[in-house]
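J.: One structure, pasted below without further comment.
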Amino acid sequence: MPPDTPPDTPPLVSIVTPSFNQGRFIDATVRSVVEQDYPNVEYLVVDGGSTDETLDVLRRYEDALTWISESDDGQSDAVNKGIARTQGAIVGWVNSDDAYCPGAISAVVEAFRANPDAGMIYGGAEWMAEDGSTIAPAVSIERYRYERLLNYSNFIVQPAAFFRREAIEAVGGLDMSLHYVMDYDLWLRLGRRFHVVHLEGRTLARARCYEETKSSAGGRVRIREMEAMIRGHGGAGVPAFYCLESAAAELGESRRGFGHGRIGAGIVSLCRAVRALCHLRVAWALLSSSTWRTIRIRRLRDRRSRPDSAAIGASSLA
Numbered sequence: 188m189p190p191d192t193p194p195d196t197p198p199l200v201s202i203v204t205p206s207f208n209q210g211r212f213i214d215a216t217v218r219s220v221v222e223q224d225y226p227n228v229e230y231l232v233v234d235g236g237s238t239d240e241t242l243d244v245l246r247r248y249e250d251a252l253t254w255i256s257e258s259d260d261g262q263s264d265a266v267n268k269g270i271a272r273t274q275g276a277i278v279g280w281v282n283s284d285d286a287y288c289p290g291a292i293s294a295v296v297e298a299f300r301a302n303p304d305a306g307m308i309y310g311g312a313e314w315m316a317e318d319g320s321t322i323a324p325a326v327s328i329e330r331y332r333y334e335r336l337l338n339y340s341n342f343i344v345q346p347a348a349f350f351r352r353e354a355i356e357a358v359g360g361l362d363m364s365l366h367y368v369m370d371y372d373l374w375l376r377l378g379r380r381f382h383v384v385h386l387e388g389r390t391l392a393r394a395r396c397y398e399e400t401k402s403s404a405g406g407r408v409r410i411r412e413m414e415a416m417i418r419g420h421g422g423a424g425v426p427a428f429y430c431l432e433s434a435a436a437e438l439g440e441s442r443r444g445f446g447h448g449r450i451g452a453g454i455v456s457l458c459r460a461v462r463a464l465c466h467l468r469v470a471w472a473l474l475s476s477s478t479w480r481t482i483r484i485r486r487l488r489d490r491r492s493r494p495d496s497a498a499i500g501a502s503s504l505a
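Note that our numbering gives residue 262 to position 75 of the sequence shown, counting from 1, and the numbers run on in steps of one.
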């Protein structure tokens with residue numbers, strides 16, 4: 188918002204939701220936006236041509252949002268399209284299986300008012316299971332430090348991040364060549380040019396975790412994309428926290444290679460797994476108590492996302 192905006196004028200906040208065949212979740216997402224207590228929200232859902240019940244859900248909320256449904260080139264394209272078609276001084280995007288917490292937008296606007304030099308503000312988040320029940324808070328979130336974000340972990344949970352329009356437009360929005368780590372890449376590009384503020388002590392969003400999410404299903408391909416992206420920013424490759432995940436993905440690929448008689452491919456993947464495990468930065472990750480707590484939560488999150496996991500999750504939390 189411009190510095191001369193009167194303090195009693197609520198700036199317009201634009202929220203974009205990219206969507207494709209998420210009819211079972213999108214009602215909760217939409218309600219989390221339209222039921223916010225902030226008085227000046229512009230809400231656009233950019234649907235990629237869903238064939239499930241998504242459009243029926245959106246039609247029920249036409250008085251509170253705008254939606255389009257047409258083919259696109261993926262999530263990054265949908266988000267960029269939504270940002271270009273909205274006008275708010277502050278922008279957020281919440282995926283069609285995630286949700287905002289009550290009062291989130293009001294808290295973000297106040298934070299931007301208190302930090303007029305901030306290009307991005309992010310807060311706390313919590314993980315929720317496929318059925319919407321809370322799993323645990325996202326304990327790995329911390330204050331923004333560029334080098335730590337680059338070399339250690341993506342500690343920002345995507346729906347809990349908001350931007351000034353001029354900032355996200357200045358860096359060109361999301362990189363459409365990325366399919367898994369476009370948010371991580373955006374945090375880095377914004378941090379190189381703008382002040383980024385961590386809104387401590389305020390949970391802004393809930394991120395849903397289940398087997399069909401891109402982050403869960405991406406595996407080796409996601410790690411490879413992350414490695415290339417980090418190198419493009421001048422980093423050393425796979426960030427420390429993800430070295431263990433990288434090793435697990437490569438070991439799985441190695442087993443598949445040997446199991447199908449592709450000995451050469453199996454050996455290559457095995458060597459990559461060993462390289463990931465031997466990376467000196469793994470020691471840094473393992474020595475962090477917050478890392479072990481995050482690993483425990485992610486394991487619990489993955490178990491809770493399976494159909495037969497309700498009893499397991501309950502006993503694990505005891």
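Built from N, CA and C at the ideal position, the CB exists for glycine as well.
Measure from the alpha carbon of GLU407 to the alpha carbon of each residue in ARG380, ALA323 and VAL425, then state which is nearest.
T.: To locate residue 407, count along the sequence shown from 1; it is residue 220. Glu is not the amino acid found at residue 407; the sequence shown has Arg there. By alpha-carbon distance to ARG407, the top candidate from ARG380, ALA323 and VAL425 is VAL425.
J.: Determine the burial state of SER327: buried for a count of at least 16 other Cβ atoms within 10 Å of its Cβ, exposed for fewer.
T.: Position 140 of the sequence shown, counted from the start, is the residue given in the question as residue 327. The residue is buried, with at least 16 neighbouring Cβ atoms inside 10 Å.
J.: Which runs of the beta strand (DSSP E) spanning at least 3 residues fall entirely within the stretch 367 to 414, listed in chain order?
T.: 382 to 395
J.: Please name the residue in PRO198, GLY319, TYR397 and ALA357 whose C-alpha comes closest to that of GLY275.
T.: Here residue 275 is taken as the residue at index 88 of the sequence shown, counted from 1. That would be PRO198, whose Cα lies nearest to the Cα of GLY275.
J.: Report yes or no: do three or more beta-carbon pairs, one from the stretch 205 to 214 and one from the stretch 274 to 290, lie closer than 8 Å?
T.: Contact annotation: the stretch 205 to 214 touches the stretch 274 to 290, with at least three C-beta pairs closer than 8 Å.
J.: Going by DSSP in three states, GLY333 sits in which element: helix, strand or coil?
T.: Here residue 333 refers to the residue found at position 146 of the sequence shown. Just to set this straight, residue 333 is Tyr in the shown sequence, not Gly. In this structure, TYR333 counts as helix in the three-state DSSP scheme.
J.: I'd like to confirm the pairing. Which residues does DSSP put opposite ALA286 in its beta bridges?
T.: Translated into the one-based positions of the sequence shown, residue 286 becomes position 99. Bridge partners of ALA286: ARG393.
J.: For the ligand ADP, is there any heavy atom lying closer than 7 Å to the beta carbon of LEU377?
T.: Ligands displayed in this structure: none; no statement on the ligand ADP is therefore possible.
J.: Just curious, the beta strand (DSSP E) that PHE350 is in, first and last residue?
T.: Position 163 of the sequence shown, counted from the start, is the residue given in the question as residue 350. PHE350 -> beta strand (DSSP E) spans 348 to 351.
J.: For THR238, is the classification buried or exposed, using 16 other Cβ atoms within 10 angstroms of its Cβ as the cut-off for buried?
T.: Translated into positions along the sequence shown, residue 238 becomes position 51. Its Cβ having fewer than 16 others within 10 Å, THR238 is exposed.
J.: Start and end of the alpha helix (DSSP H) containing GLY269?
T.: For the purposes of this step, residue 269 is taken as residue 82 along the sequence shown, with counting starting at 1. Where GLY269 is concerned, the enclosing alpha helix (DSSP H) stretches over 262 to 271.
J.: Run the CB neighbour count on GLY236, radius 10 Å, all protein chains shown included, and call it buried at 16 or more, exposed below.
T.: Looking up residue 236 in the sequence shown gives position 49. By the neighbour-count rule (16 or more Cβ atoms within 10 Å), GLY236 is not buried but exposed.
J.: Determine whether the beta carbon atoms of GLU313 and ALA323 lie at a separation below 8 Å.
T.: Looking up residue 313 in the sequence shown gives position 126. Looking up residue 323 in the sequence shown gives position 136. Against a cut-off of 8 Å, the Cβ pair of ALA323 and GLU313 comes out as a contact.
J.: Under three-state DSSP, which class holds ALA312?
T.: Along the sequence shown, read from residue 1 onward, the residue named residue 312 stands at position 125. Here ALA312 sits in strand by DSSP.
J.: On the criterion of 16 or more Cβ atoms from any shown chain inside 10 Å, does ALA348 qualify as buried, or is it exposed?
T.: As a position in the sequence shown, residue 348 is number 161, starting the count at 1. Classification for ALA348: buried.
J.: Can you tell me the Cα-Cα spacing of ASP195 and VAL296, whole angstroms?
T.: Working through the sequence shown from its first residue, we reach residue 195 at position 8. Working through the sequence shown from its first residue, we reach residue 296 at position 109. When rounded, the distance between both Cα atoms is 12 Å.
J.: Spatial neighbours of TRP479 within its chain, please: C-beta separation below 6 Å, excluding the five flanking residues on both sides.
T.: For the purposes of this step, residue 479 is taken as residue 292 along the sequence shown, with counting starting at 1. With a pLDDT of only 49 at TRP479, under the threshold of 50, the placement of this residue in the model should not be trusted; the figure read from the coordinates follows. Excluding positions up to five away in sequence, the list is empty.
J.: Using 8 Å for Cβ pairs, my map puts GLY310 next to THR390. What's the rounded Cβ distance?
T.: If you number the sequence shown from 1, residue 310 lands on position 123. If you number the sequence shown from 1, residue 390 lands on position 203. Right, their Cβ atoms sit about 7 Å apart.
J.: Relative to the C-alpha of MET363, which residue among SER201, ASP260, THR273 and GLY419 is closest?
T.: For this step, residue 363 is matched to residue 176 along the sequence shown. Nearest option by C-alpha distance: ASP260.
J.: Please classify THR241: is it buried, with 16 or more other beta-carbons within 10 angstroms of its beta-carbon, or exposed?
T.: Looking up residue 241 in the sequence shown gives position 54. Buried is the call here.
J.: Which stretch, first to last residue, makes up the beta strand (DSSP E) that contains THR321?
T.: Along the sequence shown, one-based indexing puts residue 321 at 134. 321 to 324 is the span of the beta strand (DSSP E), which, as asked, contains THR321.
J.: Using the C-alpha atoms, what's the distance from ASP372 back to VAL266?
T.: Locating residue 266 in the sequence shown gives position 79, counting from the first residue. Locating residue 372 in the sequence shown gives position 185, counting from the first residue. Answer to the nearest angstrom: the Cα atoms are 14 Å apart.
J.: Whose C-alpha, out of TYR397, ASP243, GLN209 and LEU377, is nearest the C-alpha of GLU353?
T.: The residue you call residue 353 lines up with position 166 of the sequence shown. For the residues TYR397, ASP243, GLN209 and LEU377, the minimum Cα distance to GLU353 belongs to LEU377.
J.: Please classify ASP250 as buried or exposed, where buried requires at least 16 other C-beta atoms within 10 Å of its C-beta.
T.: Translated into the one-based positions of the sequence shown, residue 250 becomes position 63. When all chains shown are included, ASP250 counts as exposed.
J.: Apply the 10 Å Cβ neighbour rule to SER340 and answer buried if 16 or more other Cβ atoms are within range, or exposed otherwise.
T.: By 1-based counting over the sequence shown, the position of residue 340 is 153. With 16 or more neighbouring CB atoms inside 10 Å of its own CB, SER340 falls in the buried class.
J.: What is the DSSP secondary structure of GLY210, counted as helix, strand or coil?
T.: Translated into positions along the sequence shown, residue 210 becomes position 23. Looking at GLY210 - three-state DSSP - the assignment turns out to be helix.
J.: Name the two residues that bound the continuous alpha helix (DSSP H) containing THR241.
T.: On the sequence shown, residue 241 is found 54 positions in, with the first residue counted as 1. First-last of the alpha helix (DSSP H) with THR241: 241 to 247.
J.: Report buried or exposed for ASP234, applying the criterion of at least 16 other Cβ atoms within 10 angstroms of its Cβ.
T.: The residue labelled residue 234 in the question sits at position 47 within the sequence shown. ASP234 should be labelled buried.
J.: At the level of alpha carbons, what is the spacing between GLY359 and GLU257?
T.: Counting from 1 along the sequence shown, the entry for residue 359 is found at position 172. Counting from 1 along the sequence shown, the entry for residue 257 is found at position 70. If you draw a straight line from the Cα of GLY359 to the Cα of GLU257, it comes to about 22 Å.
J.: Helix, strand or coil: which one does DSSP assign to GLY419?
T.: Counting from one through the sequence shown, the residue named residue 419 turns up at place 232. Looking at GLY419 - three-state DSSP - the assignment turns out to be helix.
J.: Could you tell me which of MET315, GLU414 and ALA215 sits nearest to TYR367, measuring between CA atoms?
T.: Position 180 of the sequence shown, counting from 1, holds the residue named residue 367. Answer by Cα proximity: GLU414.
J.: Could you check where the alpha helix (DSSP H) with SER293 kicks off and where it finishes?
T.: Within the sequence shown, residue 293 is the residue found at index 106, counting from 1. SER293 -> alpha helix (DSSP H) spans 291 to 301.
J.: Measure the alpha-carbon distance for TRP516 versus GLY422 and round it to whole angstroms.
T.: Only positions 188 to 505 of the chain appear in this structure, which leaves residue 516 out of reach.
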